[in-house]
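Residue numbers (full-length UniProt numbering): 1 to 662.
Note that beta-carbon positions come from the ideal geometry of N, C-alpha and C, so glycine has one too.
Before any comments, here is the structure.
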Amino acid sequence: MRTDKDTALSGDGDEIPSNHSNNPHIDDLIQGIGRRQVIAGGMAMGMLAFLGVTVPRTGNAGEARGLLKRPSRLAFEAVAVTRADTISVPEGYQAKTFIPWGTPICGSYPAYREDGSNTAQEQAEQTGMHHDGMHYFPIDARNGKGHNSEHGLLVVNHEYIDAPLLHPNGPTLVDGKRTIPEEVRKEINAHGVSVVEIRRSPRNGWEVVGDSKFGRRITAATPMEIRGPARGHALLRTRYSRDGSATRGTQNNCSNGFTPWGTYLTCEENWANYFATQDSELPRELQRYGIGKTGRFGWNTLEGDEFQRFDATRKAETASGDYRNEPNHFGWIVEIDPFDPQSVPVKHTALGRFAHEGVIFAPTGPGKRLVCYSGDDSRNEYIYKYVSRDKFRPGRPDNSRLLDEGTLYVARFNADGTGDWLPLDIQDATFQAACAAKGIGFADQGEVLINTRTAADAVGATKMDRPEWGAVHPRSGEVYFTLTNNTNRTEADAANPRPDNAYGHIIRWREESPEHTGTRFNWDLFLLAGPEGDSRGPDNQPLGADNILASPDGLWFDPQGLLWIQTDMSGSQHSDGPFGNNQMLVANPDSGELKRFLVGPVGCEVTGITATPDFRTLFVNIQHPGEGSTPDNLLSTWPDGPGKRPRSSTVVITREGWRRVL
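This is the structure:
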């Protein structure tokens, strides 16, 4: 979930835009409706009334959507904008650093060494770099929902690395090539996922449980299974897996999800630029995903099978003799059983292959089909929905198979405030007709899913402004999605109402089907981020000192129905804009209130959020503080203090007096 910047061996790894289809931008949907009217009317003005409700030009969000106005539940003083190198929270709250990069969690529990001299094996037994999405599993949640708020498993994604900080003097390169395998192994082991057993101590607060039977690292080298319609496909065969059923590693793990049966889902986002190919003509499954001639960290330049898998150049007569198909092993959603350290993670191909930001579930209950949503976090890409074929049965040992057999849809946002879910199913007549009209062919459903973006191009999905996190309102069932920014757009449309969209916005919709399984929905805009003179809050008023924000990214509903919004600004928005450091805000969709709750340290992204069942502890992640730092130039020294390398970390937030967070 990185923003638009150049990168070498550190910093952002955003995917280069690769959608060259002529599908409409969401900007193009409301030709004839002036930009001023769109922003002032919160998108539901006039012809775009949400669910048939006419939205007034002013007034609170609850009244605008025909809801009973609820009293304020944001009983805290908004935190001011700041560029301090610390964590700022409201008076009456405490924020404590927890499990920063390098914390020992399994194996021999090796201590973190501040000079970057930990070995690759030690890194494989410590928390990884750049914490992102996460979830707290109560220790009694082995088969679903648990209740223990004192003891549990915190499962944390690690999106990418800043290589200069990972080694004593940065990575070693000779003529642009890597020369030390141990360094690259350490970088590979700093990616992935951490499973951390934690317990609340009466005296010391939260602490890692030593000698845990659950503590585990899943890295970019961990063996994994491939399941679903693409398992065994010719486009997944490699020298490592000649039958296309297995792979190694998960990386660029951004946001996450969790299943009703108690497992964790991690999502592979900006993985494409880790691979390289010297082939002059690329198949669509590489070209449409932006595979280039150089790898981001140069892993492909080392000899040895463990590194050559990042070189997708054709070198053998067949795919089973090289790694031309290795990039096709990434871009999936991966299921991990946090309660079974011996389990093999599973890549579920039925959920599609793209730059998954995260995955969120519609309300699920016994006897209902599973429904989940995911965004493709790249400029001008799409939003997807998956509906399982079979129904959820609590306690059934094969519930994981619900993620292997179902239908993947992509969203089309119409200018009249309605929307359609378009099936990406080779057996569907409308899909066949759309592909035929575009001259696009697929041999089977596995090929459709390996080429998810091309399939979405074919059916006419709506290009969006970098779809990021989503969240489902626990009472209304409305789905909210952040659209972080898109500075490449030149014309506005309904769902993406600003050209050169540097600030981003939040869109929401309500499914016409009460169980979310249908193909029609109604949508509007919830928030337009930006400065006071170019923004609109949930109450249809311009944002002010207590809530201006840019680049909304992380999104989460708490059990009370309050929406937590996290930001990922970069560049000038960080250094000299009006927004200060990245932040986290809380919105009350019923009353239209929005307040800033937290501001992070210098150069960080605020991301990842989860809570204990009693809602007395909130966990939030601080990613890449001091982004762009080198051992000789520390742009932040959070959280360890002066002279210390910055470390991504979880922050534990509690409220004084042992009360619920809000």
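- In the displayed model, Ala-120 falls within a helix according to three-state DSSP.
- If the five residues before and after Ala-141 are omitted, its C-beta is found closer than 7 Å to the C-beta atoms of Gly-262, all from its own chain and listed in chain order.
- For Cys-435, the uninterrupted alpha helix (DSSP H) run begins and ends at 429-438, by DSSP.
- Boundaries for Leu-282: no beta strand (DSSP E) harbours it, and the DSSP string shows neither H nor E there.
- In the three-state scheme derived from DSSP, where H, G and I count as helix and E and B as strand, Thr-407 is classed as strand.
- The beta carbon of Asp-279 sits closer than 7 Å to those of Thr-313 and Arg-314, all from its chain and outside the five residues before and after it, given in chain order.
- With 16 or more other Cβ atoms inside 10 Å of its own Cβ, His-505 counts as buried.
- Considered as a whole, the segment 83-169 harbours 93-98, 131-138 and 151-158 as its complete beta strand (DSSP E) runs of no fewer than 3 residues, in chain order.
- Rounded to the nearest whole angstrom, the CA to CA distance from Gln-251 to Ile-218 is 9 Å.
- In the three-state reduction of the DSSP assignment, Ser-649 falls in the strand class, which pools E and B.
- Between the segment 256-272 and the segment 329-344, the count of Cβ pairs shorter than 8 Å is three or higher; the stretches touch.
- In the three-state scheme derived from DSSP, where H, G and I count as helix and E and B as strand, Trp-658 is classed as coil.
- Per the coordinates, the alpha-carbon of Asp-404 lies some 16 Å from the alpha-carbon of Ile-360.
- Shown here for Gln-566: same chain residues with a beta carbon closer than 6 Å to its own, the five before and five after excluded, namely Asp-553, Gly-554, Met-584, Val-606 and Thr-607 in chain order.
- Within the same chain, Cβ atoms closer than 7 Å to the Cβ of Glu-285 are found at Leu-235, Asn-328, Ile-450 and Asn-451, the five residues on either side in sequence being excluded.
- With at least 16 other beta carbons inside 10 angstroms of its own, His-516 counts as buried.
- At least 7 Å separates the beta-carbon of Pro-542 from that of Leu-594.
- In the DSSP assignment, no residue is bridged to Leu-402.
- A direct Cα-to-Cα measurement between Val-195 and Glu-207 gives close to 14 Å.
- Per DSSP, Leu-449 lies in no beta strand (DSSP E) segment; the continuous alpha helix (DSSP H) that holds it begins and ends at 445-450.
- In this structure, the CA atom of Val-79 is about 15 Å from the CA atom of Arg-655.
- The three-state secondary structure of Glu-468, taken from DSSP, is strand.
- Under the DSSP assignment, Asp-553 falls in the beta strand (DSSP E) whose first and last residues are 552-557.
- The beta carbon of Ser-201 is closer than 6 Å to those of Glu-207 in its chain, skipping five residues each way along the sequence.
- In the three-state reduction of the DSSP assignment, Glu-207 falls in the strand class.
- For His-574, there is no enclosing beta strand (DSSP E); the residue is part of the alpha helix (DSSP H) that begins and ends at 572-575.
- Contact check for Trp-299 and Val-184: beta-carbon distance about 5 Å, within the 8 Å limit, so the pair qualifies.
- For Glu-268, the uninterrupted beta strand (DSSP E) segment begins and ends at 264-268.
- For the set Asn-273, Pro-229, His-135 and Gly-331, the Cα lying nearest the Cα of Asp-311 is the one of Asn-273.
- Between the segment 514-534 and the segment 364-377, the count of Cβ pairs shorter than 8 Å is three or higher; the stretches touch.
- Gly-600 is a Cβ neighbour of Asn-581, given a cutoff of 7 Å.
- Under the 8 Å Cβ criterion, the segment 80-89 does not count as touching the segment 174-184, having fewer than three qualifying pairs.
- In the structure shown, Gly-321 adopts helical secondary structure according to DSSP, grouped into three states.
- Under DSSP, Ser-201 takes part in a beta bridge, and its partners are Gly-205.
- According to the DSSP secondary-structure assignment, Met-224 is paired through a beta bridge with Thr-247.
- Annotation: Thr-349 to Phe-413 spans about 25 Å, alpha carbon to alpha carbon.
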